[in-house]
Structures are given as structure tokens and as C-alpha cells.
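Trainee: Quick one: structure below, then a few questions.
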Amino acid sequence: MEELVIRDADVVDGSGGPSYRADVVVDGGRIVSIVKEAAAAGCQRPKARRELDAEGLVLSPGFVDMHAHSDLALLRDPDHSAKAAQGVTLEVIGQDGLSYAPVDDRTLGEVRRAIAGWNGSGDDIDFDWRSVGEYLDRLDRGIAVNAAYLIPQGTVRALAVGWEDREATPEELDRMRQLVAEGMEQGAVGMSSGLTYTPGMYAGDAELTELCRVVASYGGYYCPHHRSYGAGALEAYREMVALTREADCSLHLAHATMNFGVNKGRAPELLSLLDEALAAGADISLDTYPYTPGCTTLAAMLPSWANEGGPEAALKRLADEETAERIRHDLEVTGSDGCHGVPIEWDTIEISGVGDPALAEFAGHTVQQSADLRGEAPWVTARGLLLADRLAPTILQHVGHEENVRAIMRHRVHTGGSDGILQGAKPHPRAYGTFPHYLGHYVRELGVLSLEECVAHLTARPAARLRLPDRGLVREGYVADLVLFDPATVAAGSSFAEPRTLPTGIPYVLVDGRFVIEDGRRTDVLAGRAVRRTPPT
């Protein structure tokens, strides 16, 4: 007898087609049968050792977070309710060009310092891996939800070239190609870049094109955080489209937003650019989060020249009065490339977290507010905080536009990604609320998407981008990564005031056919594993 039958569920299967009522049978981690309208037809109903009454609940595939920063959180926090409680059953990590494999001892220490604001210092982690394959093996020991990995181009460049702003030599480029090929062979699904973060930003288009050719040869995709989301946003999008067309590589645009005052109301221009490329045969997808503020580190706002050489070099520049004044001028007058070419507005920069608990008073306040309390210029406050916290502060950047958010999420190649940083006292609520916020706010309350459309955006479409042949749909034979939610009550509990509040209306989540959320509570099940892409033969 099979393990589980989910009775009388309203199945929204991920295809975008209409829902239907069915009994769904799960056994051995897979969906083994789907009996539509079983009760109405009066037919023999399937039986199992456990029966779950799903009356009034929607059954859908588990949600895929196409842009996650859980690289260490999955290892540190077995509970991981931040994602499991949202119905997320698969996260794509290794984002924005910086993560923890492939590394050697030198680059591991450098990367840990550079992205401590994203993932914490890692002092509580046993870094017993160096290669991509070894990191995926570590995930396979058991995690809350599944994870796929992108090779981080910035980390690869740090390993082969260093943190200097210069072209790679032919030998260094060969080394980077080799590292990318090895990572793909070991199971990565593609490659990411952070082209406003050092050292990835120092790569020119020719270098990136060569690496994308390697990714494409393994059937992977390129996921860039491109060179500007502000003054040069459209040009940056065009650059990524042209680069991947030249490399014949699939493109997935990370957190594809149009931010800052210069881009208010300009989402249709981005979508027209993408439609033109799609019509010409490009393979493009994108992800967004359903909120207007962005989230990154305070150090990321600095001009690229100030970050050259890595974290220790940046701290030395900040400590030097003359150099710090140059940094301030770039930030406040010129518009640094770290702030997307737009002069920084300190009243939009909210400190969301710090590494040193002694600096906790800054969290939840904008830099301008903290400066006003101290009677000093905001740059003085920001600089002092960067030095005292050794570049660890994270920020919310309140520069988005609701009309752009809605327009982009309607697009036919759109998927969902939280871009959720789980560190800090006041993290962005998207880390805990992205997927129920789509379903509750943008589907039920606003009607921006139909329920069937939205589920397709969050399930089948990302699974297709990842080229996973047996995930993302409610189909017989597919992996039983499933979520049951109440369409009348599903909602994000997280807010900017209380960002770690869990969602409502999601009572059941299954990973590999096992309950990780049951009756609205996290179980002790660790059913997640690394999801590897099999290279084409």
C-alpha cells in the first residue's frame, strides 16, 4: 500500500492551466497516481497508509526560489523555516558571483570576509570543502529544502586572478575556463556574476563571453547581477543579452528590477528589449521579488576602485582621510558605480543588520536618521560604521517603484526569487515572505496575476530553466515536492517592522514526499539534497 493519499485537493498543477479536483497519491518520494474528480465520479478511490483531507486547500508543486542567499544558512540552521514555511522546496544558491566554492584556503578567507553581510562570518561552519562537488556533497548530508548551485564567477576570478582591476592573462583565462568546466561537471546548474561587486566586476565582456561558452557547452545558464540597476540599467540589460547571444548561452536575469528615480515607469522599455531578443531566438528568463526596496551590503555602495584588492584594502582606504574624501565625493556627487551611477541618498539607505552586536543601535534606522541623532554628516556615520563593523553592515535601499514591480512580474518569462538575506536584526521581509506575498497580495488582493499563472511562475517555469525533467509540475512520476495552501488566507507574515514573522495559510509542505511543514509547524525532517544538473551526453 502506498504511503500517502492527499484527498479532494484543488490541484493547480504548475502548467498554467485550470485547476481540477483530485486525489493525489505519493509513494517513495514521487507522485504515483492522480485520480481526478474521484468522489464525483463514484469510482474506486485510492487508499494509502495515511490519508490527508485537503478540502479547501490548493495543492501545487513546491515553489522554486530562483535567487537565494542560503549558502551557509542551509548548513547552519536545520530548521530553515524562513524558506520551508513559505512552501519553498528548492533554492538556487551561489548567487551574485560570490560564494564558497570553488576556493582554496586564501580565497575562502577573502570571500568569507567579503560576503559576511550576506551569510555571516561562517565562524560556526566547518568549511570541509573546497570544490563545487565537495560543497554539493556537504548539502547531501541533509538540509531542510533542496538546493541547486551556480558557479560564482567572482569567486572563480579571485581564485585565478585575484582582486585586482585588470584583464586576465591568457593563462588565467584558461584557468577560469577550467574551474567553470569542473564546477559544471560536478553538478552546478550554471554560473552567476555580481558585476557591481568586486572582483567579478573587473571582468570585461570578452572574458565573460568565454566563460559563458563553457557554461553553454554543459547545458547551463548564465545568471548575472548586471552592471547597473540605476542610471545605466537598460544599457546593462542590453549588454547581458548581447553577450549571451554571442556565447550561445541561456540567460537568466537576476532580480530584474528597474530602480532609482531615473527608471520610474520604465519597465515597459526593459520588457520591449526582452521581447525583441526573445523573438529573435534568445533563451531568456528572469526573476523578481514582489517588493520595492532592494537589499545588499553597505560596502557594495562604494566605488569599485575603493574595493579593489579585497576587503582589507577597502578598509585601509576608508581609514585614510584623503582617500575617504574621494570616496565620499564619488558617492554623494558623481554617483559611484557601486550605487549604480546614481548619487547616493542617505535617507533611502536603511541599516538592516550589523556583524558586531555592540553596533545594534544602527539597525532599523537610515544612515540619515543615525547621522541626525549624532549631529554629524551622513558620510561620517556611514564611514565610521563600515570601519567599526569591518564592512559587515547590510542595508535596505528604498529606491524601487511599484508600477515597475507589477509590470515585470506579468511577463511570460518571469519567475520568483526572494534575494533573501537572512542575516541582521532587521532583514528584508522578502527573505521570509516572497512566495506567500505573491499569492496573497498580488493574486488574491490585487489580481495582478491569476492563481494559475502565479503558480506557474513559481514552479514549472523555474524548473524548466533549471532543466529538471521531473520537478515543477503535479504529474505522475514527478518528485513529490509539494505545497498545500489556503488561497483565502495565504499571506506573508513578515513586514519591514517584523521581518522574521512566518507566513499564514500554508499548512503542509512536502520535500521528496516527506512533510517538512505539517499542520503549519516545522517537523524535524531534513529531506533536502543538492539538485545537480546532469551534463548533456
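Residues 0 to 536, numbered by numbering that gives the first Met the number 0, are exactly what the sequence shown covers, in order. The beta carbon of each residue, even a glycine, is placed where N, CA and C say it ideally should be. Predicted, not measured: the structure shown is a model, and the values here were computed from it.
1. For the candidate residues Leu250, Thr295, Pro267, whose alpha-carbon lies nearest to that of Asp282?
2. Nearest CA to the CA of Tyr217: which residue from Val510, Ala246, Glu238, Leu233?
3. Helix, strand or coil for Tyr507? Go by DSSP, reduced to three states.
4. Who are the near neighbours of Thr458 in its chain, counting only those whose CB is closer than 8 Å to its CB and skipping five residues on each side?
5. Would you decide whether Glu475 is buried or exposed? Buried here means 16 or more other CB atoms lie within 10 Å of its CB.
6. Where does the unbroken alpha helix (DSSP H) through Ser369 begin, and where does it stop?
7. So, for Val478: in the same chain, excluding its five sequence neighbours on each side, which residues have a beta-carbon less than 7 Å away from its beta-carbon?
8. Please specify which runs of the alpha helix (DSSP H), each continuous and at least 4 residues long, are wholly inside the stretch 417 to 464, giving them in chain order.
9. Mind the definition here: the stretch 106 to 118 touches the stretch 170 to 188 only if three or more C-beta pairs lie below 8 Å; say whether that holds.
10. Excluding the 5 residues preceding and the 5 following Pro101 in the sequence, name in chain order all residues of the same chain whose CB lies nearer than 8 Å to its CB.
11. When you compare only the Cα positions, how much space is there between Met408 and Cys338?
12. Looking only at its own chain, which residues have a Cβ that is under 6 Å from the Cβ of Asn306, when we skip the five neighbours before and after it?
13. Would you mind reading off the limits of the alpha helix (DSSP H) that contains Arg212?
14. If I measure Cβ to Cβ from Asn403 and keep anything under 6 Å in the same chain, skipping five residues before and after, which residues do I get?
15. Between which residues of its own chain and Glu451 is the CB-CB distance below 7 Å, once the five residues before and five after are set aside?
16. From Ala146 to Leu73, what distance separates their C-alpha atoms?
17. Do Leu71 and Asp9 count as a contact pair if the criterion is CB distance below 8 Å?
18. Mapping DSSP to helix, strand and coil, what is Lys35?
19. Look up Val63 in the DSSP assignment and give the residues it is bridged to.
20. Which of the three DSSP states is assigned to Ser303 in this structure?
21. What number of angstroms, rounded off, separates the C-alpha of Gly116 from the C-alpha of Glu206?
22. How far does the alpha helix (DSSP H) with Tyr196 in it extend, from its first residue to its last?
23. Given this structure, state the Cα-to-Cα distance separating Ala83 from Thr500, to the nearest angstrom.
Mentor: Result, derived from the coordinates:
1. If we check each option's Cα against that of Asp282, Leu250 comes out closest.
2. Ranking the options by Cα distance to Tyr217, first place goes to Ala246.
3. strand
4. Gly13, Ser59, Pro60, Gly61, Phe62, Val63, Gly471, Leu472
5. Glu475 should be labelled exposed.
6. 366 to 373
7. For Val478, same chain residues with a beta-carbon under 7 Å away, outside a window of 5 residues either side, are Gly28, Arg29, Asp469, Arg470, Asp511 in chain order.
8. Complete alpha helix (DSSP H) runs here, min 4: 429 to 436, 450 to 457, 459 to 464.
9. no
10. Arg129, Ser130, Val131, Ile150, Thr154, Val155, Leu158, Leu178, Glu181, Gly182
11. 24 Å
12. Thr197, Ala313
13. 204 to 216
14. Met257, Ala266
15. Val11, Gly15, Gly16, Pro17, Ser18
16. If you take the alpha carbons of Ala146 and Leu73, they lie about 9 Å apart.
17. No.
18. strand
19. Leu89
20. helix
21. 28 Å
22. Neither: Tyr196 is in no alpha helix (DSSP H) and is coded neither H nor E.
23. Roughly 13 Å separates the two Cα atoms.
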